[in-house]
Amino acid sequence: GAVVSQHPSWVICKSGTSVKIECRSLDFQATTMFWYRQFPKQSLMLMATSNEGSKATYEQGVEKDKFLINHASLTLSTLTVTSAHPEDSSFYICSAPSTGNTIYFGEGSWLTVV
Amino acid sequence: QQQVKQSPQSLIVQKGGISIINCAYENTAFDYFPWYQQFPGKGPALLIAIRPDVSEKKEGRFTISFNKSAKQFSLHIMDSQPGDSATYFCAAQPSGNTPLVFGKGTRLSVIA
Numbered sequence: 005g006a007v008v009s010q011h012p013s014w015v016i017c018k019s020g021t022s023v024k025i026e027c028r029s030l031d032f033q034a035t036t037m038f039w040y041r042q043f044p045k046q047s048l049m050l051m052a053t054s055n056e057g058s059k060a061t062y063e064q065g066v067e068k069d070k071f072l073i074n075h076a077s078l079t080l081s082t083l084t085v086t087s088a089h090p091e092d093s094s095f096y097i098c099s100a101p102s103t104g105n106t107i108y109f110g111e112g113s114w115l116t117v118v
Numbered sequence: 003q004q005q006v007k008q009s010p011q012s013l014i015v016q017k018g019g020i021s022i023i024n025c026a027y028e029n030t031a032f033d034y035f036p037w038y039q040q041f042p043g044k045g046p047a048l049l050i051a052i053r054p055d056v057s058e059k060k061e062g063r064f065t066i067s068f069n070k071s072a073k074q075f076s077l078h079i080m081d082s083q084p085g086d087s088a089t090y091f092c093a094a095q096p097s098g099n100t101p102l103v104f105g106k107g108t109r110l111s112v113i114a
């Protein structure tokens, strides 16, 4: 199937710093990508829809100034967690629709804020 | 408001048995119903998916049964193996470039 790659797989950062997570579609172009957050033993929570060439659409309750999303090309979307705090520690996952709108997920990125 | 209801929350099945996970939805605009398998610390992997124009789809040991009138769909794992132990999520999507709506997940444990 189609491949969606995330980087880094895990990252540890200090409280107050910013961290960037990349999501790439490796063998298809994606005008839209989705960013999720997942807490242990819970389902995926949609954070925002990333749109190539335009602003992201954020879900209710998600701080757009804290979770900056940039979809600079048809194969790359980035999520930047700004001024990170320990409560931002989580598993972040991106996904993208491929041919026929089949949606593929990245491997996820573990963020730990210390 | 949960748009896709998934049950059971957890499931224990003996090796070789059949695992059955059920999902129900309300939104009749949904027209794509995938199942994802997620291992701890990994992203969800697409397992199998169905559209409402068919009532059943089989891929290897995995079968989706779809009941459009009842707005229900289920995943059957035949000859369940310990390697199938994972969390399974059903999802639904309206037509177009829209995000998936997920069920809450089912933790499957296959014991020898």
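Just so you know, the protein sequences line up as chains A and B, in that order.
Quick note on numbering: the first sequence equals residues 5 to 118 in our numbering.
Quick note on numbering: the second sequence equals residues 3 to 114 in our numbering.
The C-beta atom is built at its ideal place from N, Cα and C for all residues, glycine as well.
- Check the C-beta distance from Ser12(B) over to Arg109(B) and give it rounded, since I have them as a contact under 8 Å. As a first step, residue 12(B) must be located in the second sequence, where it is residue number 10. As a first step, residue 109(B) must be located in the second sequence, where it is residue number 107. Between Arg109(B) and Ser12(B) the Cβ distance is about 4 Å, and since that is below 8 Å, they are a contact.
- Message: For Val66(A), tell me which candidate among Phe43(A), Pro44(A), Leu72(A) and Met51(A) has the shortest Cα-Cα distance.
- Response: For the purposes of this step, residue 66(A) is taken as residue 62 along the first sequence, with counting starting at 1. Checked all of Phe43(A), Pro44(A), Leu72(A) and Met51(A); the closest Cα to Val66(A) is Met51(A).
- Taking 8 Å as the CB-CB cut-off, is Gly19(B) touching chain A? Here the question's residue 19(B) lines up with position 17 in the second sequence. For Gly19(B), the answer is no, since every Cβ of chain A falls outside 8 Å of its Cβ.
- Alpha carbon to alpha carbon, how far is Pro42(B) from Pro90(A)? On the second sequence, residue 42(B) is found 40 positions in, with the first residue counted as 1. On the first sequence, residue 90(A) is found 86 positions in, with the first residue counted as 1. Spanning the two alpha carbons is a distance of roughly 21 Å.
- Query: Is it a yes or a no for the region 98 to 109 of chain A touching the region 62 to 76 of chain B, going by three-plus beta-carbon pairs under 8 Å?
  - Reply: no
- Query: Considering only the beta carbon of each residue, do Ile113(B) and Leu77(B) sit closer than 8 Å?
  - Reply: Sequence index remark: in the second sequence, residue 113(B) carries index 111 (1-based). Sequence index remark: in the second sequence, residue 77(B) carries index 75 (1-based). Against a cut-off of 8 Å, the Cβ pair of Leu77(B) and Ile113(B) comes out as no contact.
- Query: Would you say Phe109(A) reaches chain B, if we count a Cβ-Cβ gap shorter than 8 Å as a contact?
  - Reply: For the purposes of this step, residue 109(A) is identified with residue 105 of the first sequence, where counting begins at 1. With 8 Å as the cut-off, Phe109(A) counts as an interface residue toward chain B.
- Proximity test, Cβ basis, 8 Å: Leu48(A) and chain B: For this step, residue 48(A) is matched to residue 44 along the first sequence. Leu48(A) counts as touching chain B.
- Query: So, are the CB atoms of Ala100(A) and Val8(A) less than 8 Å apart?
  - Reply: As a working mapping, residue 100(A) is identified with position 96 in the first sequence. As a working mapping, residue 8(A) is identified with position 4 in the first sequence. Going by C-beta atoms, Ala100(A) is nearer than 8 Å to Val8(A).
- Message: For Phe95(A), which residues in the same chain have their Cβ closer than 6 Å to its Cβ, ignoring the five residues on either side in sequence?
- Response: As a position in the first sequence, residue 95(A) is number 91, starting the count at 1. Excluding sequence neighbours, Phe95(A) sits near Gln42, Gly112 and Trp114.
- Message: When you compare the CB of Asn99(B) with every CB in chain A, is at least one pair closer than 8 Å?
- Response: The residue you call residue 99(B) lines up with position 97 of the second sequence. Yes, contact with chain A.
- Mind checking whether Ile50(B) and Ile66(B) have CB atoms under 8 Å apart? Here residue 50(B) is taken as the residue at index 48 of the second sequence, counted from 1. Here residue 66(B) is taken as the residue at index 64 of the second sequence, counted from 1. Cβ distance < 8 Å, so Ile50(B) and Ile66(B) count as in contact.
- Contacts of Gly107(B) in chain A (Cβ-Cβ under 7 Å): On the second sequence, position 105 is the one that residue 107(B) refers to. In chain order: Ser47.
- Using three-state DSSP, classify Asp33(B) as helix, strand or coil. The residue labelled residue 33(B) in the question sits at position 31 within the second sequence. Correct three-state label for Asp33(B): strand.
- Contacts that Leu102(B) makes with chain A (C-beta to C-beta distance below 7 Å): What you label residue 102(B) is simply residue 100 of the second sequence in a count that begins at 1. Chain A residues near Leu102(B): Ile107.
- Item | Chain-ordered residues of the region 35 to 56 of chain B with a beta carbon less than 8 Å from chain A | Pro36, Tyr38, Gly43, Lys44, Gly45, Pro46, Ala47, Leu48 and Ala51
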